[in-house]
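If you're matching them up, the sequences are chains F and W in order.
Using the working numbering, the first residue of the first sequence is number 1, and each one after it goes up by one.
Using the working numbering, the first residue of the second sequence is number 1001, and each one after it goes up by one.
Number of protein chains: 2
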Amino acid sequence: MLPKEEKLDPRVKRTRGLILRSFEDLLAEKGFESISVQDVTDKAEINRATFYAHFPDKYALLDYSISQMFMNEIEKRTLNVCSYSTDNLRNLILAVVEFISRLHSDCAQPHQQFEALTEGTIKNILFELLSHWLKQTGTKISTDIPATVATWAIYGLASHYSHLKKRPSPEKFVDEALPLVAVNLEQFA
Amino acid sequence: MLPKEEKLDPRVKRTRGLILRSFEDLLAEKGFESISVQDVTDKAEINRATFYAHFPDKYALLDYSISQMFMNEIEKRTLNVCSYSTDNLRNLILAVVEFISRLHSDCAQPHQQFEALTEGTIKNILFELLSHWLKQTGTKISTDIPATVATWAIYGLASHYSHLKKRPSPEKFVDEALPLVAVNLEQFA
DNA sequence: TATTCTAAACAACAGATGTTGCCTAATTTA
DNA sequence: TAAATTAGGCAACATCTGTTGTTTAGAATA
């Protein structure tokens, strides 16, 4: 995670903003694999070497971009300031389902590699959030295993949904999916 | 998936074998990201252009290699010729746990990107297998959603296990993990 | 304001990528 | 066995990568 945007040298803030904006624009135009660092820096009108002063490579940029977007989604729904309940879980699943669907429809070519790379970023945030929720309940049991299963199940369901040819509404889908995830978490409710 | 090895031009068979063997040797020596196509073809003693006649890029080679290895694991345990039961499920989880652990310990540097890339390949095979199992039971219900949840949960658990600093025996871990996966599949037993 | 610090520009590097066209050698087939 | 087919070797290409050393210009601090 990059340091908070607060007290950054304005040049850094500007450059990162330009990189991020250019990258997200390019993602809407063409596939991640075919975006070069050159492409990003051309569009951002910065030197290519400057890019490498900010990100190790384009994969790190993808990571950063996705985690920013997903965190926004979570914070917007205030899911980061609550604890486990069936209702919050439903909202969380809905958030992931909608986020991934949007991501895949906004990107020109969300191919396998792209999805594989974004997945880890999102799952890490999900796992931290679920662990946090479960710890709030003051349980004595280690929550690692149920949090892992829930994280992967939620992401898997959202990914599955986003690949369906004929999708029901997100709400309808989540109603069907919810019990399969909740069953292992209910002991913490 | 590449065509069956049966009636292939012997030159093709030989070349693919050389590529595959060289690649797997290299994986034991260094990280996937730092393996170049040049490295593979040097070790295989074939021309670099020849590589591209067989695989689009090194990612496709990784895919092919991993799916071959995983399929072998499944076939060795005859998990491809049975249907759903709690016992078969336990064996399947055990297979995945052991396969991923071995994969990560055999590879010199199983970094995040490597894991992200192998994940999809393995999950696809898992999903097909579980769907096959569930269809065998002659259920009327669509099995897509439970098969998805089970696939992701199993892979997630195996991945989690392979990252633990202090691991219990695979059998002990699977005993703890099994019920979390089985609960959603029991209606098909 | 003057000084210090440091981000970004620029140029150049060795190496890797994916692709091409031409040539040869192995294999399949008729 | 002879002819047709096709895999692989080879060389060259434009492009991208990650890195380095130097210079310039903007920001922070005294």
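Each residue gets a CB set at the ideal place from its N, CA and C atoms; glycine is no exception.
No experiment lies behind these values; they were computed from the predicted model shown.
Whole-Å CB distance - residue i paired with residue j, under 8 Å assumed
i	j	result
Leu1178/W	Ile1093/W	6 Å
Leu1079/W	Leu1129/W	7 Å
Trp1152/W	Ala153/F	6 Å
Residue i versus residue j: straight-line alpha-carbon distance, rounded
i	j	result
Asn72/F	Leu180/F	26 Å
His1111/W	Leu1027/W	12 Å
Ala1189/W	Leu1134/W	9 Å
Val1174/W	Leu1008/W	41 Å
Val81/F	His1054/W	52 Å
Tyr1084/W	Thr1143/W	12 Å
Lys58/F	Val1096/W	31 Å
Thr86/F	Gly1120/W	30 Å
Thr193/F	Tyr1161/W	Not covered by the structure: residue 193/F. The range shown for chain F is 1 to 189.
Asp106/F	Glu98/F	12 Å
Arg1011/W	Phe70/F	49 Å
Pro3/F	Pro168/F	Caution is warranted here: a pLDDT of 42 is assigned to Pro3/F, below 50, making its placement in the model unreliable, and the coordinate value is therefore given only provisionally. If you take the alpha carbons of Pro3/F and Pro168/F, they lie about 40 Å apart.
His1104/W	Ala1060/W	19 Å
Ile1141/W	Glu176/F	13 Å
Arg1077/W	Thr1118/W	21 Å
Ser34/F	Thr50/F	20 Å
Phe114/F	Gln136/F	34 Å
Glu1075/W	Ser1131/W	17 Å
Arg1048/W	Gln1187/W	52 Å
Ser36/F	Lys43/F	11 Å
Pro56/F	Ile122/F	20 Å
Tyr52/F	Tyr1052/W	29 Å
Lys172/F	Lys1172/W	38 Å
Best match in the options for proximity to residue i [C-alpha to C-alpha]
i	options	result
Lys1166/W	Ser1034/W, Ala1189/W and Ser1101/W	Ser1101/W
Asp1025/W	Phe1127/W, Thr1041/W and Val1097/W	Thr1041/W
Pro1170/W	Arg1014/W, Trp1152/W and Asn1091/W	Asn1091/W
Asp1063/W	Glu1128/W, Asn1124/W, Thr1050/W and His1104/W	Asn1124/W
Thr19/F	Ser65/F, Ser34/F and Ile74/F	Note that residue 19/F is Ile in the sequence shown, not Thr. Answer by Cα proximity: Ser65/F.
Ala1116/W	Gln1187/W, Phe1032/W, Ser1022/W and Arg1077/W	Phe1032/W
Arg14/F	Gly138/F, Glu29/F, Thr137/F and Glu45/F	Glu45/F
Leu211/F	Gln136/F, Tyr52/F and Leu89/F	This structure gives no information on residue 211/F, because the portion of chain F shown stretches from 1 to 189.
Ser1022/W	Met1069/W, Ile1141/W and Asp1039/W	Asp1039/W
Ala1108/W	Ile1122/W, Ile1141/W and Lys1030/W	Lys1030/W
Gly17/F	Gln68/F, His132/F, Ile141/F and Gln187/F	Gln68/F
heavy atom of the ligand ATP below 7 Å from residue i C-beta
i	result
Glu45/F	Looking at this structure, you won't find the ligand ATP or any other ligand, since it has none at all.
Runs of alpha helix (DSSP H) wholly within the stretch 77-103 of chain F (minimum 4 residues, chain order): Considered as a whole, the stretch 77-103 of chain F harbours no complete run of any alpha helix (DSSP H) with no fewer than 4 residues.
Taking one C-beta from the stretch 1140-1155 of chain W and one from the stretch 149-158 of chain F each time, how about it: are there three or more such pairs within less than 8 Å? yes
At 3 residues or longer, what runs of the beta strand (DSSP E) sit wholly inside the stretch 28-69 of chain F? none
Can you give, in chain order, each stretch of the alpha helix (DSSP H) that sits fully within the stretch 1112-1166 of chain W and has at least 4 residues? 1112-1136 and 1144-1163
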